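Engineer: Let me give you the structure first, and then I'll get to my questions.
Protein chains: 2
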Amino acid sequence: MHEALFTYINRHIGLPLTIDEEALIEANFQPKKLRKKQYFLQEGDVCKQIGFIVKGAMRQYSVDDKGVEHIVHLYIENYWAGDRESSIMLTPSKYNIDAWEDTELLLITRAEMLDLMHKIPALAQMIRTMDERNAIANQRRLSSTISNSAEKRYEEFASNHPQFVQRFPQHLIASFLGITKETLSRIRKQAFK
Amino acid sequence: MHEALFTYINRHIGLPLTIDEEALIEANFQPKKLRKKQYFLQEGDVCKQIGFIVKGAMRQYSVDDKGVEHIVHLYIENYWAGDRESSIMLTPSKYNIDAWEDTELLLITRAEMLDLMHKIPALAQMIRTMDERNAIANQRRLSSTISNSAEKRYEEFASNHPQFVQRFPQHLIASFLGITKETLSRIRKQAFK
DNA sequence: AAAAACCGTTGATATTTATCAACGGTTTTG
DNA sequence: CAAAACCGTTGATAAATATCAACGGTTTTT
């Protein structure tokens, strides 16, 4: 099960991991299975661990006063799920994260991760790269959200992330884009002619 | 002029910088003055440097097909201005950054910064903290943008960032929030009764 | 000091998007 | 396998927000 993680890490660093490093990583990442709909994080709890997704799909969302869910992140294989703010600040999370499909995760706490990063420089490098890519992706999404119409936002998303479009139902994609499912349905109909 | 940077760094690390470290930093950050409206970065150029703002105010924005500006960031003292995506990927930027007020900056290239981070561990730690805070702020902004109405977004922004509200004109704040200046004007009028 | 640019506001109107309700066709669950 | 939950769609309507044009009061530039 840890193979997927080794592959992921090796793809993001210069020299491949040594046997010893792999052993250290294996010892620190705890496997966990979630069945569809099970929670990984619930609003109000502190996010103590982050999870690398080996297999499956998850979503992160907040729930507003009216009970409406707002999807802030969608995750599939090779993504890291967690609430960074809660995890770093040790504050109760405003988000829920649950499994959309049956999911296999590898879990690690922030403290363990920091420790591992000291022991395995390549891992530290990988995390930095991951953070950068993440920052870039967030910047793009933010920019798209404040600059573009719902239609353009969807087109952009669908062309950049076709895997998500085919994997998650439309109403989740709509929420992720900050629009209602009805509006997305109409946008797609429109785009089709 | 570098004093402001030392103060900033010391506020974000455990032990204060040594004399030698301060000298090294001073040697690597190049002072630069921009007059109001001067560009720091123009769309199409690669962002080669990032700038620490010692004094002044700047804005980062894209310009759409219709010529409308969309403000993606507003900066004041103690902020770092730059386009991370362009800087890391060495791709032409989609953004402009210019001085809203006369501004004093300290500039450094990415390569120089990475080098400095190796030589001064505390600086590396500071940058990591800065990145984390930034990631958290972006996450919050994104969440607010997809979940809240224009009115709520403005209220949240005004209460979290009063300095910006008093320092930048309303039409820039509006653009930053992804709404028009007329809508913001009406929201404020509404809120006032 | 005059001219020009900038800024916030307002009114009238158009466009975009949300809301509410209903439906038929899945898929999941007991 | 029957009931329930889920999913996407559509229509009618309402609400939020954008657009366009104009104004008076700054502030900046010449």
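From first to last, the protein sequence lines are chains H and B. Going left to right, the first sequence walks through residues 1 to 193 as the UniProt record's numbering numbers them. Going left to right, the second sequence walks through residues 1 to 193 as the UniProt record's numbering numbers them. Cβ coordinates follow ideal geometry from the N, Cα and C atoms, glycine included. Computed from a prediction, not measured in an experiment: that's the story for all the values here.
(1) Just reading off the alpha helix (DSSP H) that threonine 129(B) is part of, what are its end residues?
(2) Suppose the cutoff is 8 angstroms on Cβ atoms and the five residues either side in sequence are ignored; what does the same chain contact list for asparagine 10(B) look like?
(3) Is any heavy atom of the ligand FAD found at a distance shorter than 6 angstroms from the C-beta of glutamine 163(B)?
(4) So, isoleucine 108(B) versus phenylalanine 6(B), is the Cβ gap smaller than 7 angstroms?
(5) How many Å lie between aspartate 102(B) and leucine 90(H) at the Cα?
(6) Could you tell me which chain B residues have their CB closer than 8 angstroms to the CB of glycine 178(H), listed as they occur along the chain?
(7) If you reduce the DSSP assignment to three classes, tell me which class aspartate 115(H) lands in.
(8) Helix, strand or coil: how does DSSP classify leucine 17(H) here?
(9) Please confirm if histidine 70(B) has its CB atom under 7 angstroms from at least one CB of chain H.
(10) Could you tell me which residues DSSP pairs with alanine 99(H) in its beta bridges?
(11) Would serine 147(H) be called buried (16 or more neighbouring beta carbons within 10 Å of its own) or exposed?
(12) Look at the Cβ atom of valine 72(B), then the Cβ atom of serine 143(H), and state whether they are nearer than 7 angstroms.
(13) Roughly how many angstroms lie between the CA atoms of phenylalanine 40(H) and tyrosine 79(H), to the nearest whole one?
(14) Considering only their Cβ atoms, is the gap separating lysine 33(B) from glutamate 104(B) smaller than 7 angstroms?
(15) Check whether chain H comes within 7 angstroms of asparagine 78(B), counting only Cβ atoms and requiring the distance to be less than that.
(16) Could you have a look at proline 31(B) and say whether DSSP puts it in helix, strand or coil?
(17) Assign glycine 67(B) to one of two classes, buried (16 or more other C-beta atoms within 10 Å of its C-beta) or exposed (fewer than that).
(18) Between the C-alpha atoms of glutamate 26(H) and aspartate 131(H), what's the straight-line distance to the nearest angstrom?
(19) Exposed or buried, what is aspartate 64(B) when buried is set at 16 or more other beta-carbons lying within 10 Å of its beta-carbon?
(20) In the DSSP output, which residue or residues are listed as bridge partners for histidine 70(H)?
(21) With a Cβ-Cβ cutoff of 7 angstroms, do isoleucine 13(B) and alanine 122(B) count as a contact?
(22) In terms of alpha-carbon separation, which member of Met58(B), Glu43(B) and Tyr95(B) lies closest to phenylalanine 164(B)?
(23) Excluding sequence positions up to five away, which residues of its chain have a Cβ less than 8 angstroms from the Cβ of alanine 124(B)?
(24) Would you kindly check if the distance between the Cβ of tyrosine 95(H) and the Cβ of glutamine 60(H) is under 7 angstroms?
(25) Under 7 angstroms between C-beta atoms, does leucine 142(H) make it to chain B?
(26) Can you name the residues of chain B whose CB is closer than 9 angstroms to the CB of isoleucine 136(H)?
(27) Roughly how many angstroms lie between the CA atoms of glutamate 22(B) and leucine 114(B), to the nearest whole one?
(28) Residues of the region 98-115 of chain B with a CB closer than 7 angstroms to any CB of chain H: list them in chain order, please.
(29) Using the Cα positions of lysine 181(H) and threonine 145(H), report the straight-line distance between them to the nearest angstrom.
(30) Can you check which of these residues, Ala158(B), His70(B), Ile19(B) and Gln190(B), is closest to phenylalanine 176(B) by C-alpha distance?
(31) Consider the Cβ of glutamate 155(B): report whether some Cβ of chain H lies at a distance smaller than 7 angstroms.
(32) Any beta carbon of chain H sitting closer than 7 angstroms to that of glutamate 26(B)?
(33) How many Å lie between alanine 99(B) and histidine 161(B) at the Cα?
Structural biologist: So, from the listed chains and residues:
(1) Threonine 129(B): member of the alpha helix (DSSP H) spanning 121-147, first to last residue.
(2) In chain order, Pro16 and Leu17 place their CB closer than 8 angstroms to the CB of asparagine 10(B), counting only its own chain and leaving out the 5 sequence neighbours on each side.
(3) Because no ligand of any kind appears in the structure shown, any question about the ligand FAD cannot be addressed here.
(4) In this structure, isoleucine 108(B) keeps its C-beta atom at 7 angstroms or more from the C-beta atom of phenylalanine 6(B).
(5) Each residue's Cα considered, the two are about 39 angstroms apart.
(6) The CB of glycine 178(H) comes closer than 8 angstroms to the CB of Thr145, Ile146 and Ser147 in chain B, given here in chain order.
(7) The DSSP-derived three-state label of aspartate 115(H) is helix.
(8) The answer is coil: DSSP assigns leucine 17(H) none of H, G, I, E or B.
(9) At least one chain H Cβ lies under 7 angstroms of histidine 70(B).
(10) DSSP links alanine 99(H) through a beta bridge to Met58(H).
(11) Classification of serine 147(H): buried, given that the 10 Å Cβ count is 16 or more.
(12) Taking 7 angstroms as the Cβ cut-off, valine 72(B) and serine 143(H) qualify as a contacting pair.
(13) One C-alpha to the other measures close to 14 angstroms.
(14) Yes, the Cβ-Cβ distance between glutamate 104(B) and lysine 33(B) is below 7 angstroms.
(15) The beta carbon of asparagine 78(B) sits no closer than 7 angstroms to any beta carbon of chain H.
(16) In this structure, proline 31(B) counts as strand in the three-state DSSP scheme.
(17) Per the 10 Å Cβ criterion, exposed.
(18) If I take the Cα positions, the gap works out to 22 angstroms.
(19) Counting Cβ neighbours within 10 Å, aspartate 64(B) comes out exposed, since fewer than 16 surround it.
(20) Looking at the DSSP output, histidine 70(H) bridges to Ser62(H).
(21) Against a cut-off of 7 angstroms, the Cβ pair of alanine 122(B) and isoleucine 13(B) comes out as a contact.
(22) Minimum Cα distance to phenylalanine 164(B) is reached at Met58(B).
(23) Cβ within range, chain order: Met117 and His118.
(24) By the CB criterion at 7 angstroms, glutamine 60(H) and tyrosine 95(H) fall inside the cutoff.
(25) Interface flag for leucine 142(H) against chain B is set, since a Cβ pair is found closer than 7 angstroms.
(26) In chain order: Arg84, Glu85, Ile88 and Met89.
(27) If you take the alpha carbons of glutamate 22(B) and leucine 114(B), they lie about 16 angstroms apart.
(28) When C-beta distances to chain H are compared with 7 angstroms, every residue of the region 98-115 of chain B stays at or above that value.
(29) Straight-line Cα distance between these residues: approximately 17 angstroms.
(30) In this structure, His70(B) is the residue among Ala158(B), His70(B), Ile19(B) and Gln190(B) with its C-alpha nearest to the C-alpha of phenylalanine 176(B).
(31) No, glutamate 155(B) lies away from the interface with chain H (no Cβ there is under 7 angstroms from its Cβ).
(32) At a cut-off of 7 angstroms between C-beta atoms, glutamate 26(B) does not count as an interface residue with respect to chain H.
(33) One C-alpha to the other measures close to 19 angstroms.
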